[in-house]
Each structure stands twice: as structure tokens, then as C-alpha cells.
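Protein chains in written order, with the numbering used here: chain A, 1 to 255; chain B, 1001 to 1255; chain C, 2001 to 2255.
Pasting the structure below:
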């Protein structure tokens, strides 16, 4: 009798997995998943090279987790999320990978066999740029979301920054042809705020990308932003048992 | 003074009537209603002769019910349901038929007079085929619905069946070009399961029809399925005070 | 140091302001707001001169209210409502007008600067016609809404009236090509009903306008209707701390 290799076998609460896939979908539609003994990680960049997402789900986020060796699989995220939505969010989602082209998913009495994408057909993993960002703010995910939504009605770009004079404030600001909106949070409204060696930091971003990210971030109790002057913004937060990080390139402000 | 004949007069909880009309709408848009002393019945088949629905609302489902003689009236179901949605679901819906072309409907302070369809213009009532179906399963309506929804993302057809080896299981299975889903329920997940004289039964159905039926069936605590090999499926359940039966013709599986 | 003039400064609960703007939007998309020491008032008529709205928000509806002199400003109502929806409905909405072209709005940590419309570009304020209306009914806003919704499925016009024989009833009636609906409320279902010097009053109105108004009126505990024979209907109600009045011109009934 042939012994079938279990390359990867795990179980996790369906809602946790849903949240993780949703976080990736803010940036990409398909992604390579690295399955390693210490957990699952994904790093992906969008087609325009403007936004990067990094997801870490350590093996402790899973109820059971075993992997033979390091494996990389490719997933169509939209399809995968659609399937996960069929299961009860509180149910256990069991996944078994027997070969690198097919994944078995079991949620309650529901069994899926889905074909995987060949990883080589998916956009290569980006290098994470090493950047020094002098400003750092920790705020509620819901507040960050509010700043994005308020700006949507006004324009296409959002400036995010910190001012230190007369006092430290975090702001999100959008300007249209005639209207302007500014969300301003001072130390009392924030978990923390700091800028190292600058009087202010500010960078401008496309709302299109932030909108998708904001939807996910709204579910996080705390989100940490690292901000520079005309530099990418580094957004990181815990999501259930996982850790998500977005890097978004700035648009250069015209004078 | 002329004594006006009351051909038909009844009252019923609005929500019960809504549910019944909704059940018919899964198969047809207009239907002949047979009003008889023992209750109301409808039997209709869709334009393609693929799906049949049979609805029985016995006079005990009504709070008051009186009919002079056997009457058949024709109703535009979409319009009728729209009107019923205007009333409070918990209100009493009173119906009075004074001639065969107009129905008076009263829900609370709301009074409708709607014109009826001439029954002869509506597709003729089908004969109920006499079929022997060796497999029978009773399961939760919500479980049946889950199997249909899970399959929608995968393909256009759904195989429904019972296997007896190694043990009795009820399954719903859909296969797309590359992906596959199977809902499998064993004796413990079911109210009952049995197959007479066969090792297995399985028939394939169009998801398009099942989708509409599933929406209705989801509201039933128990649904009874009778299944054969490449035979119609017989789906029956109680809905409020009524009884609904769907018969759906199979699609023949290509090898 | 230059002293900046505060032409208008006020604060009000965001939800109250939202409701008021929404009430105006049932008739017009932009409007002139008259800011006076005793409060804010708006009077506007739609492009077809069929519907008029009058809104009064007395200074007591505001938590703080100060105005230097009588000012008229123009607002794009759709845009304004979109912004108000960004704030927490229970938050305080602070408004400051420093010149006649820009309004500052602050809700919590959110600050908007929006450009105003030049009042002269907005359709002139209508004169309120002086009309004697013999019928008067006070009913629940939700009941009035139900009558409108029930009629939507039947036709484009709605007759609203009072009959006194055999007893006083208020009715809303719509007739399509073949179907008919009538909402009828007698004294027990109403707060009050009266007709002076007529056996009945009835006028016919376009459902298109009533639909929008009904959405707003549904939120009012009591709505007062004044009705004549082929005369405008006068609809007035309190909305939060404000007072709204709609006048809607009749359609003449063809025989």
C-alpha cells in the first residue's frame, strides 16, 4: 500500500483565515504562500509596484499545524475567500496538501478540492525596502479608517503626517478643487506619537489604495504607522492571530 | 337589494401567505390556485418543464376560510408578493373574491383590489409523475441550502446522492473544470437516511433551479429528499402551515 | 493683529443636522440658508415648481448659536449630507463661517472646509401661497409612509382625502390600469380628523414626489396634513428639534 505524503496539514478557525485572506486582497488577487515549520507567510506587491503586503501567521495561530518541509503554493485569493465564506466562521477549517497542485479544505461537512496556481506564474515576491521613518503613531484602526473615508468625498489623494509645533498632532488631510478635510488627533486621542529629529513629517498617498487597506484596518484595535517626508508609509497591525504589514509608496506633492 | 355572492372569503397570517407565494416563485411567475372546501392547492410546472411545484395550504392554515364551491383563480405571483410585503407580516390578511376576475385583499388599514389572471391563459397544470425513488434522506433545510450555495462557486451542476459503502452518507457534489466541492452528511448529521435495493443512488441537477428552491428550503426545519439514479429528485417540506413539494428533472451525466 | 470676524458660529448634534438636510433633499439639491439671530430657515421649491419645502431650525435646536447679522449662504445639500455622514451621529457638529464663501465644519477630530455656493445662483425662494384648506388630519408618520409605499406598486398617482359619510375617514388611494389600493384610517387610528364645510375633500398627487417626502416623514411621530379639493396638500411635522413643512401641488384628476 502506497503511503501518501502529507506535505502540509493544518486546522485553523475559519474566521481567522478569512481575515488573513481579506487583508491580502487589499493589495493583490493572487499570492504565493510560504509554508514553513514556524508558520505561514506571504509577501506580495501589487501590479503597479505601489503597495506591498506582508502577512505572518505563526504556527500558534493554528489549532494544528504540520509541514514536512518548506513549501510554496500559489492561491487565487478571491476564489479562496469565496469558499471560506461558505463555512461557518466559527467552524474549524482543515487544510491538507497532498501534492503541490491541489489543496483539500474541510469546514464542517463541506469538502473542497481546489487547484493551486503554479507559484512561478505569480508576480515575484518583493524585497522589503530598508527605510528609516522618523515619525511613528499608534492609533485606533477605526480612527484611521475614518480619516480615509472622510477624504474619499473630497479628493483622490490623502496627506498623512505629524506636526510637532505648537504641539504634536497626527493628521490626515485631503484637498479637492475647493474643499478640504483634515482629521487631527492629538496625544490624548492616540496610543502614542513621536518624531525623531524633524519638526514635521508628511507624505501624500493615493486614496484608492488606502481605501482597501482601511476596510481591513478598521477591524484592528491598534495600528502602528511609521511616516517620513515623501517616503512610503509603513502600516502594521495584529489581525486576529496574524500580523499584517502594508507598505505604500508616496505620491510626490506638486507645489 | 342584490345579494352579492361571496365566492371565497378567508383570512390568514400575512407571513404564512408570503412564504407560500415565495415557494411558488422558485419555479413559476404565475399560477392557478384551486380553492376548495378543504383548502388551497397549486400545482405548476416551469416553462421548460424541468421543475414542478406543488403547494397545499389546508383550510386549517387559515384563521377563517369559506368557499362556496370549487373555484380556480389565476394570480401574478410577483405582483401578489409585492403587495403582501406592504402589510405587517404579523397582520391578518383577509381575502374576498366576489367574482372570478377581482380579489379584495385587506391587511390592517390597507385594502387592495387586484385583477386576477384568466386561468386558461396560464400554463396547464402538470400531471404528477409516478416514480419509484429508492433513496430517502431527511435533513435540515439549512444544510441542504449550504450544499447548494457551496456548489454555486464551482460549477453549474450539482450531483445529489446517497452512498451506502463503507457507510451510509448523503452527499451533494459539484465539479468545475479544476475544482470540486462535496458536502457529506452521515447518519449522525441527518434525521434519517435509507436506500432500498441499491448500493448507491445519484442524480445530477442544474444549480440554477436548486438555487431558487434552496432559498425557500433554508427556512424549513426538515426537508425530505427522495433520490434515484438519473431520476427526478422529490423535495418536500412543511413551510409554516403549508406543505411544499418540488420535483426537479435530472440532467444526464456525461462521462 | 487682525481680528477675524465670526459671521456665524454654532454647534448642533450631528444627527439633528443630518435629518434637517435630508428633509430638504426630498425636494431640492441645493438651497439658500437664512442665518438669523432667532435661528436658521430655508425655503425652497423644486425645478418644476411642484413641491415646496420650508425648514425652521430655531436657535434653541442648537447647543450654541451666534450670528452677527442676517446672512444668506448657499449649500450643495448632497455634498453637505455626505460630509455629515462621516461624523458620529451623536457627536457635536461645530460650524464656523468666516466669510461668505467658506464654511468650517468640525465633528470630533474631523475638520472640513467646504466652499459655499453663491446664493444668487440658486433658484429664488418661493412665496408661500395663502391657501384655505378645509380638511385636516393628524396621523403617525409611519402610517402616511405605508400609504405611499403601498401605492407605488399600483400607479403613478395617489389621491389623498377625507370622507365624512357615513363616518369620517382619511384615505390614500391609488388606481392602476386594473388594480387599486386604498389605505383607510378612521378616527380611532388617527390623532385627529376634521373637515370644515365640505362633505369630502380629495386631491391627487404625483407619487414621485411623495415617495421622497415619505422617507423623511416616516421618522416623525406625528404629521399634520391639510387637504382641499384639487388643492395643494400641506404636510407639516417636527423633525428632531426642527420643523418641516412640505407643500405639494395637485395633479388634476381626469374623469
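Each residue gets a CB set at the ideal place from its N, CA and C atoms; glycine is no exception.
Classify residue i as helix, strand or coil using the three-state DSSP reduction.
i, result
"residue 1106/B", "strand"
"residue 1019/B", "helix"
"residue 2152/C", "helix"
"residue 1039/B", "strand"
"residue 1257/B", "The structure shown has nothing for residue 1257/B, since chain B only spans 1001 to 1255."
"residue 1080/B", "helix"
"residue 124/A", "coil"
"residue 2072/C", "strand"
"residue 1059/B", "helix"
"residue 201/A", "strand"
"residue 180/A", "strand"
"residue 30/A", "strand"
"residue 234/A", "strand"
"residue 2099/C", "strand"
"residue 2190/C", "coil"
"residue 1092/B", "strand"
"residue 2247/C", "strand"
"residue 2011/C", "strand"
"residue 212/A", "helix"
"residue 242/A", "strand"
"residue 1162/B", "strand"
"residue 2133/C", "coil"
"residue 1116/B", "coil"
"residue 1138/B", "strand"
"residue 1252/B", "coil"
Can you list, in chain order, the residues of its chain with a C-beta nearer than 6 Å to that of residue i? Leave out the 5 residues immediately preceding and following it.
i, result
"residue 2218/C", "2141, 2142, 2145"
"residue 1247/B", "1052, 1232, 1234"
"residue 2214/C", "2145, 2148"
"residue 2009/C", "2066, 2096"
"residue 236/A", "224, 245"
"residue 186/A", "169"
One question on the structure: do residue i and residue j come within less than 8 Å of each other, judged by their Cβ atoms?
i, j, result
"residue 1053/B", "residue 1244/B", "yes"
"residue 25/A", "residue 73/A", "no"
"residue 184/A", "residue 2192/C", "no"
"residue 16/A", "residue 241/A", "yes"
"residue 159/A", "residue 168/A", "no"
"residue 2020/C", "residue 2057/C", "yes"
"residue 2031/C", "residue 2114/C", "no"
"residue 162/A", "residue 179/A", "no"
"residue 101/A", "residue 71/A", "no"
"residue 1117/B", "residue 1081/B", "no"
"residue 12/A", "residue 68/A", "no"
Among residues of its own chain, excluding the 5 on either side of residue i, which ones have a beta-carbon nearer than 8 Å to its beta-carbon?
i, result
"residue 1190/B", "1137, 1138, 1139, 1170"
"residue 2126/C", "2043, 2044, 2045, 2049, 2052"
"residue 165/A", "199, 200"
"residue 1014/B", "1084, 1087, 1088, 1089, 1090, 1091, 1092, 1093, 1107"
"residue 2131/C", "2228, 2231, 2232, 2234"
"residue 1029/B", "1076, 1077, 1078"
"residue 176/A", "154, 155"
Am I right that residue i and residue j are in contact with their C-beta atoms under 8 Å? What's the rounded C-beta distance?
i, j, result
"residue 106/A", "residue 94/A", "4 Å"
"residue 1111/B", "residue 2181/C", "7 Å"
Closer than 7 Å by C-beta to residue i: which residues in its own chain qualify, once you throw out the five before and the five after it? Chain order, please.
i, result
"residue 251/A", "157, 204, 205, 206"
"residue 1152/B", "1207, 1211"
"residue 2055/C", "2020, 2023, 2024, 2041, 2042, 2242, 2244"
"residue 2238/C", "2220"
"residue 2197/C", "2134"
"residue 2150/C", "2181, 2183"
"residue 209/A", "50, 51, 248"
>> I'd like to know if the segment 1119 to 1139 of chain B and the segment 1213 to 1232 of chain B are in contact, where contact means that at least 3 CB-CB pairs between them fall below 8 Å.
In response: Under the 8 Å Cβ criterion, the segment 1119 to 1139 of chain B counts as touching the segment 1213 to 1232 of chain B, having at least three qualifying pairs.
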